[in-house]
Amino acid sequence: MNVAMAASANPSPAAPSAPMAPPTALARKVPENPFRCDRLVTYRGRTLPCDSALRRDGESLRSIFESTPTALEELDAYQAGRNSIKFAAYTGSAGLVLALTSGLLTNLFIDESRATARKDVSKVLQLGGIGIAVGGVIFGYSHLRSNEAHLQQAIISYNAAHPDRPVEILFKTEF
């Protein structure tokens, strides 16, 4: 009984604390999306986002460019070009789906008795799907590169009209 009273009078020593990371490891921020690339714009000493997840790309520049019609035209061309790039992505995805499901499609629509026709049609669908996917990638990449020239031209037009308050585009990556 005395042992039980002694144990309750002297509680057991505190459990060891969890190990702590060094302060430098805690201070380093881990990016939420390591492949994210933000385009920022410096204007009158402030850094503003160029693109938004909620609005069209480059839309934040519209209020800056409103006094320069040529810059607005280039910005409109840039934003219209972004929509056609989405079409290239959808086309490339459809090509991949066609290539991957070619065997299933031939099995559904061609009888087992026509084995040679099945193989030929499957091969044509595979090659056609791969061709559509590759064409979509090539079109999308080339159109994306040429479309960025519209945004650069809009900034150049604005800076030529307003050399006292230039706009500069910056890139910020978290990778």
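Residue 1 is where the sequence shown starts when you use our numbering, and the numbers rise one by one after that.
Don't be surprised by glycine CBs; every beta carbon is placed ideally from N, CA and C.
Annotation for PHE139: ALA88 place their beta carbon closer than 6 angstroms to its own, counting only its chain and skipping 5 residues before and after. When rounded, the separation of the alpha-carbon atoms in ILE155 and LEU61 is 9 angstroms.
For TYR141 and THR91, the gap between their C-alpha atoms comes out near 13 angstroms. Rounded to the nearest angstrom, the Cβ distance from SER122 to GLY103 is 5 angstroms, consistent with a contact under 8 angstroms.
The criterion of a C-beta distance shorter than 8 angstroms is not satisfied by GLU148 and VAL41. Rounded to the nearest angstrom, the gap between the Cα atoms of PRO166 and VAL134 is 40 angstroms. Apart from sequence neighbours up to five positions away, no residue of its chain approaches ARG145 with a beta-carbon distance below 8 angstroms.
With three or more CB-CB distances shorter than 8 angstroms, the stretch 157–165 counts as touching the stretch 62–81. Check the Cα spacing between ARG44 and each of ILE64, GLN152, ALA77, ALA115: the tightest is with ILE64. ALA94 is the residue among SER113, ALA94, GLN152, ARG39 whose C-alpha sits nearest the C-alpha of LEU127.
With contacts defined by Cβ atoms closer than 8 angstroms, TYR78 and LEU125 do not form a contacting pair. In this structure, DSSP gives PRO49 an extended state, which the three-state scheme calls strand.
For LEU100, the closest of CYS50, LEU170, ILE130 by C-alpha to C-alpha distance is ILE130. In the three-state reduction of the DSSP assignment, ARG114 falls in the coil class. In this structure, DSSP gives GLU73 a helical state, which the three-state scheme calls helix.
The alpha-carbon of ASN83 is positioned some 10 angstroms away from that of ASP57.
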